[in-house]
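Just below is one structure, and these are the notes that go with it.
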Amino acid sequence: METKLLDIFVAVVRGGSFASAARHLEQDPSLISRSIATLEREVGARLFQRTTRRLSLTEAGANFLARIEPVIAELNAAQEDIRRSTLQPKGKLCISASVSFGEICLMPHIPRFLAMYPDIELEFKFTDRSVDFVLERVDLAIRLGPAVEVDVICSKLMKTRYRVCASPNYIAQYGHPSKPEDMARCKVVCFDLPVFKNCWFFKNQQNEVIEIPLRPNITISSALSLRRAALLGLGPTLLADWLIQEQIEQGELIDLFPEYEVAATTFDTAAWLIYPSRSFLPRKTRVAIDFLRDTFHRSI
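For the sequence shown, position 8 (counting from the first letter as 1) is numbered 8 according to the UniProt record's numbering, and the numbering increases by one without interruption.
Below is the structure:
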């Protein structure tokens, strides 16, 4: 049963005539009459008693009205809530990011976001796996690689650069590698993914790429623990600049090859902003996307 028929039925009851309902709904009176006839066929009962001078509800019509009015009120309230949610940023917003990006890059900006949008309730899913937007009810995600799904919007949020770094203690004990080829003889610390622990790629200023096979001494499934391992002198590792910039500036870690671009997969390295669809995007999601883009405004 179409809700439009119910709206017409209620309009006829409140207006007292087909003509009054037609004026209220800005419809042709003949359409109102046909709609009521259709509704009566669907419910299997006459809803109005018609005479040449007046229109009144039958007993079935009165009972029907009593049952559907609360339903229509709920539908109208639901529609109004949805309308307001697209205008006012409020409600629960679920954001997914990697553990390291969430802790290092995202969390410092959350107090400012909540001060701007106090009616938004935040839920974070910090994990190094790719979340399922539908099953886990995620509104938007920040990933360190482009989306593999075909039904999402994916755009660069922040360009990153990966660096091979080691602690001063490691360099004092084993020496500073003079060229990328030296890494093939080092016991490196790698991220626990096949594409990360098999080889690293070095690109020089002439855009020449060197592929270096690795002999990892330690593999770890956490970027934060990789950084900790490097700080402890356990070996060189490959990490994003935003994860080690502070440690490099303070001399706790040393960039072994600052003149090279380094990658484990692709040189097009970035943090990517991913969300399900542009269609009917809730206001809370839109303001979060705009906030993140304004905050992470590095060159893309």
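The C-beta atom is built at its ideal place from N, Cα and C for all residues, glycine as well.
For clarity, every value in this text was computed on a predicted model and none was experimentally measured.
The segment 213–231 makes contact with the segment 97–109: 3 or more CB pairs, one atom from each, lie closer than 8 Å.
Across the structure, Ala115 and Phe280 are spaced so that their CA atoms are roughly 25 Å apart.
Per DSSP, the unbroken beta strand (DSSP E) holding Lys187 starts and ends at Lys187 to Phe191. In the displayed model, Asn169 falls within a helix according to three-state DSSP.
In the DSSP secondary-structure assignment, Val164 is bridged to Leu238. Setting aside the 5 residues that flank it on each side, Phe296 is surrounded in the same chain by Leu157 and Met158, each with a C-beta closer than 6 Å to its C-beta; the list follows chain order. Going by beta carbons, Ile218 and Val189 fall inside the 7 Å limit. Taken in chain order, the complete alpha helix (DSSP H) segments of 4 or more residues contained in the UniProt domain "HTH lysR-type" (1–58) are 3–15, 18–25 and 29–43.
Taking a 10 Å sphere around the C-beta of Leu232, we find fewer than 16 other C-beta atoms and assign the residue as exposed.
Note on geometry: alpha-carbon atoms of Lys197 and Leu234 lie some 16 Å from one another. At a cut-off of 3 residues, the continuous stretches assigned as beta strand (DSSP E) that sit fully inside the segment 204–274 are 209–213, 215–220, 237–240 and 261–263.
Under the DSSP assignment, Ala141 falls in the beta strand (DSSP E) whose first and last residues are Leu140 to Arg143. Beta-bridge analysis with DSSP links Glu121 to Lys92. Residue pairing for Phe126: DSSP places it in a beta bridge opposite Ala97. Rounded to whole angstroms, Ala22 and Met107 show a C-alpha spacing of 56 Å.
A straight line joining the alpha-carbon of Phe64 with that of Pro29 spans about 22 Å.
Excluding its 5 nearest sequence neighbours in each direction, Arg215 has C-beta neighbours in its own chain below 8 Å: Ala184, Arg185, Cys186, Lys187 and Val188, listed in chain order. For Ile104, DSSP records no beta bridge to any residue. For Leu114, the uninterrupted alpha helix (DSSP H) run begins and ends at Ile110 to Met116, by DSSP.
When DSSP reads this structure, Ile153 sits in a beta bridge with Tyr275. Arg163 has its alpha-carbon roughly 6 Å from the corresponding atom of Val262. In the DSSP secondary-structure assignment, Met158 is bridged to Ala271.
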